[in-house]
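Peer 1: One structure, as structure tokens, below. Some questions next.
Numbering (my numbering), first residue to last: 3 to 174.
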């Protein structure tokens, strides 16, 4: 049992550190154009959506069937749409303008990414905690792969906002 906890901790740590693999790319660029940043963020979003599909939706279809999965997916979309319409919030594109506003939004994004990494680590721990090494390993690998584009999505906007490469890498 003690080894299983250690293995789970190491797997969770490695999955979290995979974010640095995406962030390391920032060390090779001095400037980031808007076109490059849009492309990089589009790539990161595509990888994250693919990870969501393959690690969540396909297993849900296998375990619960297509009808339950599609119903749950549609209910999730409706809930997010409802939340967007009725919960007070600010849209980034309509709020304040200028570099201070942009940097504030970027730090909010970084904070959100950081917060969402905690449940990922817990999920890996639970995967191993149940005694299922294969499931825990698969979960850690999936989360690690999904974390790579997150590092890219955090570090490149920091470079664009004027941060030096190494601090952007460390924060990413």
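No residue lacks a Cβ here, since even glycine has one placed at the ideal position from N, Cα and C.
The structure presented is a predicted model; accordingly, all values stated were derived computationally and were not measured.
Considering only heavy atoms of the ligand COA, does any lie closer than 6 Å to the CB of residue 39?
Peer 2: Here there are no bound small molecules, and the ligand COA is not part of this structure.
Peer 1: Under 8 Å, with one C-beta from each stretch per pair, do the segment 159-169 and the segment 20-36 reach the 3-pair mark?
Peer 2: Counting Cβ pairs under 8 Å, three or more are found: they touch.
Peer 1: Counting pairs of Cβ atoms below 8 Å between the segment 144-163 and the segment 46-61, do you hit three or more?
Peer 2: Contact between the segment 144-163 and the segment 46-61 is present, because at least three Cβ pairs lie under 8 Å.
Peer 1: Work out the CA separation of residue 114 and residue 21 for me, nearest whole Å.
Peer 2: Roughly 14 Å between the two C-alpha positions.
Peer 1: Provide the residue span of the alpha helix (DSSP H) that contains residue 32, from first to last.
Peer 2: No alpha helix (DSSP H) holds residue 32; DSSP gives it neither H nor E.
Peer 1: So the candidates are 125, 163, 124; which of them puts its Cα closest to the Cα of residue 106?
Peer 2: Here the closest residue by C-alpha is 163.
Peer 1: Would you say residue 175 and residue 17 are within 7 Å of each other, going by their C-beta atoms?
Peer 2: Nothing in the structure corresponds to residue 175, since the chain is present only between 3 and 174.
Peer 1: Ordered along the chain, which non-local residues of its own chain (more than five positions away) have a Cβ less than 8 Å from that of residue 59?
Peer 2: Excluding positions up to five away in sequence, the list reads 71, 75.
Peer 1: Put residue 10 into one of helix, strand or coil per three-state DSSP.
Peer 2: Of the three classes helix, strand and coil, the one that applies to residue 10 here is helix, per DSSP.
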